[in-house]
Structures are given as C-alpha cells and as structure tokens.
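Chains as they are written, first to last, in the numbering used here: chain A, 95 to 542; chain B, 95 to 542.
Glycine is no exception: its CB is placed at the ideal position from the N, C-alpha and C atoms.
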C-alpha cells in the first residue's frame with residue numbers, strides 16, 4: 095500500500111467484500127449502528143426543523159418511490175436520502191466515532207435505504223454496504239483530522255467525509271465497477287462540504303443530509319458514465335490536501351479488511367454533543383447519590399478536555415439548536431430534571447427558569463490531561479457542602495458502550511409518537527434480523 | 095464597516111438595492127455577463143457530458159415547471175438550476191473574474207432563471223438580483239483567495255463561492271427579509287464545495303452546478319424558517335476561516351455600492367482555461383502573420399505566469415475534458431487549425447494526429463514576471479527559422495475586453511444547433527433588452 099493509491103485501493107477493497115468476508119464483530123457493530131440510526135430517523139421526523147425542510151422541498155419532489163421514515167408519505171429517492179438523514183441527525187442523538195468526531199451512520203444509512211427501495215436488496219448485502227460506507231467515512235475523516243494528520247476543528251467532519259461514505263455504500267449496492275466507484279468517490283469528494291460555524295442551528299442536520307444526497311447522486315452519476323478524478327482523495331489538489339493542514343492518507347486504505355474503524359463507533363445515550371456526555375453522567379450521578387431534589391447549587395465547576403470548550407461552550411443558548419451544543423445547558427438540565435432525554439433538549443427546557451439560572455453558575459476549564467470521554471465535576475451547594483464526581487469513561491463511550499439491550503430500549507423510546515408500541519417493538523426486532531431479511535427496503539416501509 | 099459583520103452587511107446591502115441604484119456601467123456588465131452565460135447554456139446543452147447528467151437525474155425529477163435551456167423539456171426548479179448551470183460550464187466557455195479566477199455567472203444565472211419560472215420576475219429585477227449575486231460571489235472569493243488573503247489553489251473558487259452568490263440572487267428575487275437572507279448565505283456556505291483535483295473531468299461542470307442548486311435550496315429553506323448561523327462568513331469556524339489560510343473578510347462588504355468587482359468580469363473568446371488564452375492569441379497571430387499552413391514546427395517555447403503551469407500543464411490530455419485544461423493542446427490546435435473554438439476542444443481534435451504531435455513539442459516555463467493575461471511564445475520552425483510573439487493582454491481580458499458585438503456573435507454561434515439562426519438572433523436581441531422585459535422567465539422559455 096502506498097498513500098498515492100488510496101482512492102483506488104478503497105474502491106477495489108469495497109467491491110471485493112462479500113458479506114461473509116467481514117468478521118462477525120464488524121458485522122455486529124454495523125448492525126448496532128443501523129438499529130441506532132433508524133431509531134434516530136423515526137424520532138427526528140417529528141422535529142419542527144424537519145417539518146420545515148420537508149415543506150421546503152415538497153414543491154420540487156419527484157416520483158414517490160422511497161419512504162420518508164416516520165411519515166405517512168413517499169418521495170423520490172434523492173429527496174428521501176436527504177430527508178431521512180436530516181431526521182437522523184436533527185436531535186444529535188446519533189452515533190460517534192470518538193477519535194474523528196464524526197457521525198457517519200446517518201448519511202450512509204439514508205443513501206442506502208433510498209436505494210433499497212429502488213432496487214431489491216437482500217438484508218445481508220445492505221448491511222455489508224452500510225458497514226463499508228461507515229468504515230470509509232471514518233477512515234477518510236481519520237486521514238484529515240486525527241494525528242498524525244493535522245486538521246482544523248472548523249470543518250464539520252460529518253459534513254465533509256460522509257458523502258464519500260454514502261457514495262461507497264450506494265456504489266456497492268449498485269454494483270459499480272472499479273472505475274465507476276473511484277469516480278463516485280471523486281464526485282462525492284468534490285461536493286464535500288460543512289463548516290462548524292453551523293453548530294447550534296438547523297444546518298447541523300443539513301450538512302449530513304446534504305452529504306447523504308451527494309453520495310447517492312455520486313453513485314447514480316458514476317453509473318451513467320459521469321467522470322471525475324479517479325484519485326480524488328490523494329490528488330495534490332484533492333480531498334486530503336484541501337481538508338487537512340497535514341494529511342495522513344495512509345489512514346484511508348491502510349489495513350483495509352484487517353483493521354476496522356467501525357469497531358470504535360459509539361451510540362449516544364443523550365441527545366447532544368458527545369463531548370458533553372461525561373458531564374451529564376457526573377451531574378446525574380451527583381444528583382442521584384446525594385438526593386439533590388430540587389438541587390440548591392451555588393456553583394458548578396467542570397474540568398474537561400479542551401475539545402469540549404472548543405465545541406460546546408455556550409452559556410446562554412437561545413434555542414434548542416444552540417442547546418444541543420451547550421454543555422452549560424445539559425449539565426444544568428441534568429441536575430434540575432434528573433434526566434437527559436429529548437425533553438431536556440426541547441425549547442421548553444431551554445426556557446425553563448430553573449435550568450437557565452443554573453446554566454449561569456457553570457464554570458468550565460480546559461485541561462488537556464482530561465480525556466475526551468472523561469470529566470471532573472464539582473458542586474458548591476447553597477448549604478455550604480461541596481460535592482465532586484470524576485467520570486473516567488462516559489456512558490456510551492468506547493470503554494463503556496451501550497449494550498444491545500440499551501440500543502433496543504433507545505429505539506423503542508425514539509419510535510414513540512411515530513409508531514405504536516407493538517409496531518416499534520416488532521420493527522426493532524426486524525432490524526436486529528437485518529442480515530437474514532430478503533428485502534432491506536421492507537424496513538423502510540415498516541418505518542413509515 | 096468592520097470585518098466582523100460581513101454577512102449581515104452583505105445581506106443588508108443586497109436587500110436595499112433597487113434597480114435604479116446600480117451605476118449604469120455595473121448594470122451593463124451584469125447584462126453582458128448574462129448574455130454570455132445564456133449562450134453558454136445553449137451550447138452546453140448539446141454536450142455528451144450534459145446528456146449523462148440529464149439522464150441520471152431524470153428518474154428523480156419533479157413537476158415540470160422550469161425550462162432545461164436548449165432542450166425541449168421542463169423539469170422541477172431544483173433540477174433545472176443544477177442542469178442549466180452544468181450546461182453553462184461544461185465547455186469552459188463562460189466568464190472569469192481574473193483576480194479571483196472564478197466563473198460566477200453560471201451558478202447565479204441558473205438559480206435566478208429557475209426562480210423566474212416559478213414566480214413572475216420583471217427583467218430589471220432579475221438583472222439586479224443576478225448582478226448582485228455575481229458581485230457577492232466575486233467578493234467572497236476575493237476574501238479567501240486574493241492577496242492580502244492567502245488561500246490555496248487546491249480549492250475551486252467557483253465551486254466554493256458561487257453557491258453564496260446564487261443564494262444572494264435567489265434570496266433577493268424571493269424578497270427574503272434581512273435575517274432570512276443572512277441565513278440563506280449561511281445555508282449556502284455550509285454546502286460550499288469544490289476541489290481542483292476535478293479539473294479535466296466532467297466534475298469541473300458539476301461543481302458550479304451543485305453550487306447553483308445549493309444557493310437555490312438555501313434561499314428556499316431560509317424562506318421557510320430554516321436556521322443557520324447569521325455570521326457564517328466571518329465566524330471563527332466559518333467560511334473564511336475554513337477556505338483561507340489567511341482571510342481578508344474586508345473584501346466581502348468593504349465599499350459595497352461604491353466599488354464593484356463585477357466590473358472586472360471578462361468573457362472567454364476560447365472554450366478553455368483562461369490562463370491558456372494569451373498563448374492561443376500568440377499562436378493564432380504567428381500562424382496568420384507567417385502563413386504557417388500547415389505549420390512545420392520543431393519546437394514551441396512558452397513563458398507564462400506560474401498559474402498557467404499550476405492549472406493547465408497537461409502535455410497529453412486523454413479526452414476532451416483534460417484538453418480543456420491543457421495549454422499544450424490548445425497551443426497545438428490553434429497552430430494546426432488556425433482557430434480555437436468548440437471544434438478544437440472536441441474529442442476529434444484531441445485525437446488528431448497532427449495536433450497530438452505538436453503538443454509533444456511544447457516547452458513551457460513559469461515566469462512570475464509574466465502577467466496572467468500575458469505570454470511570450472517562440473517557435474523553432476523545421477526550415478530553421480525562429481519566430482516569436484509577445485502578448486501583453488489576451489483577447490477577452492480586462493484590458494482588451496470582448497465588445498458587445500463580439501458577445502452577440504459568440505451568442506449566435508453558441509446557439510447554433512439548439513435554435514434556428516433567426517430564433518438565435520431574436521433571442522440575443524431580447525437578452526440585451528432584459529432590463530425592459532416584463533417577464534424574465536420568458537427568456538428561459540424562448541431558449542428551449
């Protein structure tokens with residue numbers, strides 16, 4: 095392997111893989127990622143921001159051939175790819191590859207689901223394509239953002255990398271040939287977009303959604319003979335050169351088939367920026383162990399990894415989107431409510447006077463010695479007591495992962511309001527059986 | 095004006111402008127840009143690469159409400175926005191702001207035309223919105239690519255900046271309010287994409303096309319209440335921070351209404367990378383003045399601005415797309431054929447043995463003292479003679495611009511094959527009267 099062939103090696107590997115070639119733990123992690131993200135789509139389809147996008151795109155939509163997950167309607171596959179990824183992301187409840195800080199499943203799953211309603215796709219093939227797409231997105235992100243690569247935190251890794259993952263999954267499902275898949279990767283790479291300035295707005299969900307559609311479009315164009323650079327990732331004016339101050343293109347194709355980044359994928363127990371999760375763990379634990387109901391707190395002092403401040407330091411979020419990336423909001427909400435679910439991220443919670451008051455008492459300091467999934471949280475109570483809690487690994491992190499049962503419970507909770515409890519339970523069970531289903535598209539239709 | 099308000103100042107200015115506010119030379123340059131780009135759309139709609147995209151998007155297209163320029167068909171406005179920009183760009187015959195090396199008219203015109211068929215737009219309002227969109231795209235590009243800004247040549251300025259220009263034009267036509275237009279700019283900024291690795295492939299035209307659609311989508315989403323950062327350009331993790339090593343955000347809003355970048359827009363007399371144009375001038379001149387028919391040449395020595403080598407040094411283009419950015423091809427083709435039009439960029443010309451042989455005899459050296467629109471070309475003839483020619487300003491450059499008559503002739507030539515000669519002549523005349531037309535959308539329908 096030389097770095098100079100990354101695009102071709104990635105494409106060739108993806109096309110070579112049969113379902114039985116992937117090690118069982120890799121298939122399992124792909125399945126866990128899919129179960130989690132389909133639940134996120136169901137939940138997100140009830141979000142007000144989703145309704146805006148659905149309404150905006152309606153006048154331009156084509157033939158109703160693909161399900162809008164969670165909704166009683168169908169639309170064209172390109173629009174479905176975009177909307178189903180938007181819903182998967184809009185509650186920031188999805189999955190995370192912690193090193194790359196990328197949420198890869200949404201764009202890849204949305205593109206693959208849209209295709210699975212245009213052509214019949216066996217569950218095992220769907221799962222393989224999805225898993226490889228997530229793997230590709232994570233690897234591309236490693237190449238531009240994780241040391242030895244030197245990137246910029248100003249890029250949205252999910253935005254810029256996931257179109258390539260979606261193109262890989264779609265191209266695999268469409269059985270593109272080697273040149274076509276290299277070109278699909280290139281077409282996706284030249285549409286790669288996403289800037290961090292959008293955090294705290296609805297665009298946080300539009301960036302992955304655009305990536306899903308770009309990846310789908312890339313595969314469709316490549317299949318018709320549309321050309322692009324076949325070395326888009328490693329080209330001197332290519333993806334890695336553009337998105338990294340210093341790139342590590344080896345991360346893209348090194349050890350393909352032996353080493354799997356998807357094994358590091360994790361699932362969110364709380365619907366907010368992942369760097370906030372250890373703080374929520376600490377807040378919930380302190381409240382529970384010390385009976386702080388209601389909590390009377392003068393000061394909250396947090397030590398956290400510098401990334402937490404860079405991404406989520408928002409002491410006074412003005413709406414639910416800013417709250418998604420406000421560590422102050424979630425620490426306060428967890429302390430006040432003793433929970434950290436979708437309700438705690440709602441507009442109503444943002445305006446809750448008790449939560450708002452507590453947000454203003456949070457002091458947070460960056461400490462490079464604190465790992466990204468760790469934190470130290472200290473409370474000064476109004477009665478003079480001091481309490482403290484250290485979290486070594488947040489719930490849902492790689493070292494303390496959500497169990498399959500946790501994911502099933504999360505799925506059923508997220509489906510509430512979209513599906514009847516029995517239908518949600520059945521759909522969750524069907525999802526876990528994905529590898530044995532004759533038609534993956536049936537899952538999308540069952541999630542309508 | 096402070097740099098920190100660039101997005102708001104740009105949006106506020108755009109919304110404040112009435113057609114009568116723009117100085118006549120600015121309106122005239124906007125009109126020249128539009129005439130030129132509509133001709134490019136007509137011509138590009140006959141290109142094989144365009145046919146591939148048209149076929150690929152067909153299954154997903156919606157209600158036929160907007161014209162596909164040059165074709166006997168209509169499609170939804172989002173698809174029309176994309177396709178009409180693809181055709182405008184696919185022959186690389188469009189316009190160029192030389193300092194920023196950006197081709198802004200295609201994405202802006204395609205987005206505005208698609209809207210002008212959804213809602214009735216007076217010609218004067220259309221021209222104003224189009225002109226402001228081009229102005230915005232050029233300014234944003236100046237902010238990330240022209241000194242004192244320090245950018246990277248690896249970014250496609252047309253790809254990354256023109257979605258913002260398209261959003262500005264579309265938002266102006268849709269009469270967004272100030273917050274909505276700031277958000278539309280943000281939505282476009284978070285979809286800004288384009289890498290130079292794609293030069294020489296069909297993606298060269300897809301990048302502007304994607305920008306056109308992204309801009310249109312941004313305005314449509316913002317109008318429905320979709321949120322984004324309202325300071326996306328100047329945000330610390332925003333557009334300028336992402337796309338420039340050192341940004342010059344002052345270029346975005348400094349002197350708005352007093353200084354106009356669109357006055358520096360130029361129109362291509364040859365369908366290829368603009369850095370090649372002075373070399374074609376020199377080749378045509380030497381051939382004509384010295385009666386080199388057929389030319390018997392041993393060696394061609396060129397001194398050129400370093401940008402020409404960085405962008406267009408391709409001694410052996412393998413197809414018409416690589417030929418578009420091959421200085422060797424165009425110098426050879428101009429010497430062999432005595433012309434440099436669409437035929438000289440065709441696949442047939444790329445395979446012409448006489449042209450191919452001459453391409454191999456081109457030696458080019460970079461000289462920072464040679465301006466981008468200048469060159470020095472020397473020929474060693476087989477009979478022992480040496481000939482040389484210096485070009486100070488290429489035809490079509492800012493200092494030697496295409497006249498209105500040149501643009502009309504170019505339009506009529508580009509329309510050949512799409513429209514009958516009489517219809518082409520009439521349409522050109524209608525375009526020049528754009529400011530007085532009651533319905534700009536009629537131009538699109540007349541170009542079907």
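Output, in chain order, the set of chain A residues within a Cβ distance shorter than 7 Å of residue i.
i: residue 290 of chain B; result: 331
i: residue 180 of chain B; result: Simply none; closest approach about 10 Å.
i: residue 415 of chain B; result: 321
i: residue 275 of chain B; result: Near residue 275 of chain B there are no residues of chain A at all, since even the closest Cβ is about 15 Å away, more than 7 Å.
Below 9 Å on C-beta distance, what does residue i contact in chain A?
i: residue 147 of chain B; result: 315, 318 and 320
i: residue 249 of chain B; result: 331 and 336
At which residues does the alpha helix (DSSP H) containing residue i begin and terminate?
i: residue 219 of chain B; result: 217 to 239
i: residue 374 of chain B; result: 371 to 384
i: residue 544 of chain A; result: Nothing in the structure corresponds to residue 544 of chain A, since chain A is present only between 95 and 542.
i: residue 528 of chain A; result: First-last for residue 528 of chain A: undefined, no H or E at that position.
i: residue 255 of chain B; result: 251 to 267
i: residue 442 of chain B; result: 441 to 444
i: residue 419 of chain B; result: That residue, residue 419 of chain B, is in no alpha helix (DSSP H); it is neither H nor E in DSSP.
i: residue 270 of chain A; result: Unbroken run through residue 270 of chain A: none, as it is neither H nor E.
i: residue 408 of chain A; result: Residue 408 of chain A -> no alpha helix (DSSP H), and no H or E assigned at all.
i: residue 535 of chain A; result: 535 to 540
Starting from the beta carbon of residue i, find every residue of chain B whose beta carbon is closer than 7 Å, and list them in chain order.
i: residue 295 of chain A; result: 321, 322 and 323
i: residue 285 of chain A; result: 287 and 304
i: residue 172 of chain A; result: 154
i: residue 150 of chain A; result: 314, 315, 318 and 320
i: residue 301 of chain A; result: 284
What would DSSP say about residue i, mapped onto helix, strand or coil?
i: residue 195 of chain A; result: coil
i: residue 392 of chain A; result: strand
i: residue 397 of chain A; result: strand
i: residue 95 of chain B; result: The pLDDT assigned to residue 95 of chain B is 35, lower than 50, so where the model puts this residue is not dependable, and the model offers no usable value.
i: residue 244 of chain A; result: strand
i: residue 520 of chain B; result: helix
Where do the N-terminal and C-terminal ends of the beta strand (DSSP E) with residue i fall, by residue?
i: residue 361 of chain B; result: 359 to 361
Give me the chain B residues within the contact set of residue i, using Cβ-Cβ distance strictly less than 9 Å, ordered along the chain.
i: residue 253 of chain A; result: 284 and 285
So with CB distances below 8 Å, who are the chain B contacts of residue i?
i: residue 280 of chain A; result: 291, 292, 295 and 297
So residue i contacts chain A; which residues on that side make the cut at Cβ distance below 8 Å?
i: residue 144 of chain B; result: In chain order: nothing, as chain A lies at least about 10 Å away.
i: residue 497 of chain B; result: Within chain A, no residue comes near residue 497 of chain B; the closest Cβ sits about 35 Å away, beyond 8 Å.
i: residue 326 of chain B; result: 289, 291 and 292
I'd like the ranges of any beta strand (DSSP E) spanning at least 3 consecutive residues and lying wholly in the region 281 to 351 of chain A. Every unbroken stretch of the beta strand (DSSP E) spanning 3 or more residues and falling wholly within the region 281 to 351 of chain A is given here in chain order: 338 to 340.
Under 8 Å, with one C-beta from each stretch per pair, do the region 97 to 107 of chain A and the region 136 to 147 of chain A reach the 3-pair mark? Judged by Cβ distances under 8 Å, the region 97 to 107 of chain A makes no contact with the region 136 to 147 of chain A, as fewer than three pairs qualify.
Given 8 Å as the limit, is there contact between the region 415 to 434 of chain B and the region 206 to 216 of chain B, that is, 3 or more CB pairs closer than that? With a cut-off of 8 Å, the region 206 to 216 of chain B and the region 415 to 434 of chain B do not count as touching, because too few Cβ pairs lie within range.
Mind listing, in chain order, the continuous alpha helix (DSSP H) runs of no fewer than 4 residues lying wholly within the region 453 to 518 of chain B? Entirely contained in the region 453 to 518 of chain B, the alpha helix (DSSP H) runs reaching 4 residues are, in chain order, 498 to 509.
Note down, one range per segment and in chain order, each alpha helix (DSSP H) of at least 4 residues found wholly within the region 111 to 178 of chain A. Every unbroken stretch of the alpha helix (DSSP H) spanning 4 or more residues and falling wholly within the region 111 to 178 of chain A is given here in chain order: 118 to 138 and 142 to 151.
When the Cβ atoms of the region 420 to 438 of chain A are set against those of the region 394 to 411 of chain A, are three or more pairs found closer than 8 Å? The region 420 to 438 of chain A is in contact with the region 394 to 411 of chain A.
Contact between the region 347 to 365 of chain A and the region 307 to 316 of chain A (3+ Cβ pairs under 8 Å): Contact fails: fewer than three Cβ-Cβ distances are below 8 Å.
Report yes or no: do the region 154 to 168 of chain B and the region 332 to 347 of chain B share at least 3 C-beta pairs separated by less than 8 Å? Put simply, the region 154 to 168 of chain B does not touch the region 332 to 347 of chain B. Fewer than three CB pairs are less than 8 Å apart.
Do three or more CB pairs link the region 451 to 459 of chain B to the region 382 to 397 of chain B at distances below 8 Å? Verdict: yes, contact present.
Looking at C-beta atoms only, is the number of pairs between the region 166 to 185 of chain B and the region 147 to 154 of chain B that lie closer than 8 Å three or more? Contact between the region 166 to 185 of chain B and the region 147 to 154 of chain B is present, because at least three Cβ pairs lie under 8 Å.
For the structure I just gave you, are there three or more beta carbon pairs, one from the region 262 to 277 of chain B and one from the region 180 to 187 of chain B, closer than 8 Å? Short answer: they don't touch.
Should the region 121 to 129 of chain A be called in touch with the region 222 to 234 of chain A, which here means at least 3 C-beta pairs below 8 Å? Between the region 121 to 129 of chain A and the region 222 to 234 of chain A, the count of C-beta pairs closer than 8 Å reaches three or more; the two stretches touch.
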